[in-house]
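Trainee: Sharing a structure, written as structure tokens. Questions coming.
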Amino acid sequence: FQDQLRERHPKDGTVAEKLLAYNRANRDVAILCNHQRAVSKGHADQIGKIEDKVRAYKYQRMKQKKMILSLEPKLKKKRPELLEPESDLEDDWIEEHEAQLMEKERERIKAKFEKDNLKRKENKEKPMPAGELKDLLKEVDVRAKELAKERKTGVVPPTRGATVEKCNTQILKLDERIAATRLALTDKEENKQTALGTSKINYIDPRISAAW
């Protein structure tokens, strides 16, 4: 295990890259000791959720790129990568994802409204009228229409306070999240038939892991 760690150790790697290297070294030991397991029933669903997480990050990155082009249209020539479509983001998926986002926002608003009114009741204050909740939900409907327009035109208006610099910073953060999540996906897929815990607990000296 120690030799495998030494060979696989990415000196300047990210935490996610180092974790993948550690688990790969652990897997080699587990395979050597024949610590196999059946693929779990929920594996495919777990992989699907991770893939959707990557897509969600790509969706956010796409929005940031389009926002930059709205702020500085001249960058179309200087930064052609801003025009490149994100992979795995089909129109149907985007529409469904945005519908889910809007539904989550509606649920969040309803939950907060109920919580605030419950607190008011406990404090013997007058509850907020149902009309106020209705107005808040209307704002979500307006946002849903704006998203539909963005899908149709391909233009994403900049949010309040947005700048090219801020969008660039967000893109870099999303790049890191996408890379880390992809590594987690690779790790999960590679270890679907290997019982890493058995070798880690019973055969690997914990001092090696701690030192590494």
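Position 157, counted from 1, in the sequence shown is what the working numbering calls 157; the numbers after and before it change by one each time, with no gaps.
All C-beta atoms, glycine included, are put in the ideal place defined by N, C-alpha and C.
May I have the straight-line CA-CA distance separating P129 from K138, to the nearest angstrom?
Mentor: 15 angstroms
Trainee: Given a threshold of 16 other Cβ atoms within 10 Å of its Cβ, counted over all protein chains shown, does Q64 qualify as buried or as exposed?
Mentor: It counts as buried.
Trainee: Can V140 and I109 be called in contact, C-beta distance under 8 angstroms?
Mentor: yes
Trainee: Quick check on K41: does DSSP put it in helix, strand or coil?
Mentor: coil
Trainee: Considering only C-alpha positions, which residue in the set E90, E105, L69 and L185 is nearest to T159?
Mentor: Ranked by Cα distance from T159, the first of E90, E105, L69 and L185 is L69.
Trainee: Please list the segments of the beta strand (DSSP E) lying wholly inside the stretch 77–143, counting only runs of 3 or more residues, in order along the chain.
Mentor: List check, beta strand (DSSP E) in window: nothing returned.
Trainee: What first and last residue would you give for the alpha helix (DSSP H) that runs through E189?
Mentor: That run of the alpha helix (DSSP H) goes V164 to E190.
Trainee: K58 and L82 look like a contact to me (Cβ under 8 angstroms); what is the Cβ gap, rounded to whole Å?
Mentor: Contact doesn't hold; Cβ gap of about 14 angstroms is too wide.
Trainee: Rounded to whole angstroms, what's the CA-CA distance from V155 to D135? Just pull it up for me.
Mentor: 27 angstroms
Trainee: Got a sec? Which residues, its chain only, sit under 6 angstroms from L118 by beta carbon, not counting five neighbours each side?
Mentor: none
Trainee: What separation, rounded to the nearest whole angstrom, lies between the Cα atoms of C167 and E146?
Mentor: 20 angstroms
Trainee: Applying the 10 Å Cβ sphere with the 16-neighbour rule, what's the burial state of N123?
Mentor: exposed
Trainee: Assess, as a yes-or-no matter, whether the stretch 13–24 is touched by the stretch 42–53 under the definition of 3 or more beta carbon pairs within less than 8 angstroms.
Mentor: no
Trainee: What does the Cβ neighbour count give for R61, buried or exposed, with the cut at 16 atoms within 10 Å?
Mentor: Classification of R61: buried, given that the 10 Å Cβ count is 16 or more.
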